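Enquirer: What follows is a structure written as structure tokens; I'll ask about it next.
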Amino acid sequence: MNKPDHYHKNGIDVIGFCEAQFSKDELRGFYRINVLKYVTRYQDKNGVEDLEKAEFYLQKLIELEKDLMMGVVLYESNKII
1 MNKPDHYHKN GIDVIGFCEA QFSKDELRGF YRINVLKYVT RYQDKNGVED
51 LEKAEFYLQK LIELEKDLMM GVVLYESNKI I
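Residue numbers (our numbering): 1 to 81.
Printed below as a string of structure tokens:
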């Protein structure tokens, strides 16, 4: 999946920032919305690229759900998220 420079301004990754700032429920919604967005538009917009983006967010959602099921606390940049 292509990650354009505008998603990393000033060395800050937008997804990483969201993961550090949002609650687990907010992240769940963020991931689900993006999966739905990319799956529903792929035929009319970016084709396989949108399916790959949906797959990326689906994998993030799966990882989040597995971590929540196991009661694992994730650490990012020495912060509990």
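Yeah, the Cβ is synthetic: ideal placement off N, Cα and C, and Gly gets one too.
Because the structure is a prediction, the values reported are computed rather than measured.
If you reduce the DSSP assignment to three classes, tell me which class residue 17 lands in.
Expert: In this structure, residue 17 counts as helix in the three-state DSSP scheme.
Enquirer: DSSP three-state call for residue 43: helix, strand or coil?
Expert: Of the three classes helix, strand and coil, the one that applies to residue 43 here is coil, per DSSP.
Enquirer: Examine the Cβ distances between the segment 24 to 37 and the segment 48 to 68 and report whether three or more of them are shorter than 8 Å.
Expert: In short, these stretches touch, since the Cβ pair count reaches three.
Enquirer: When we look at the beta-carbon of residue 65 and count the other beta-carbons within 10 Å, is it buried (16 or more) or exposed?
Expert: Exposed.
Enquirer: Taking the alpha-carbon positions, what's the residue 70 to residue 46 distance?
Expert: Their backbone Cα atoms lie some 36 Å apart in a straight line.
Enquirer: Please report the residue range of the alpha helix (DSSP H) in which residue 56 lies.
Expert: Element bounds for residue 56: 48 to 70.
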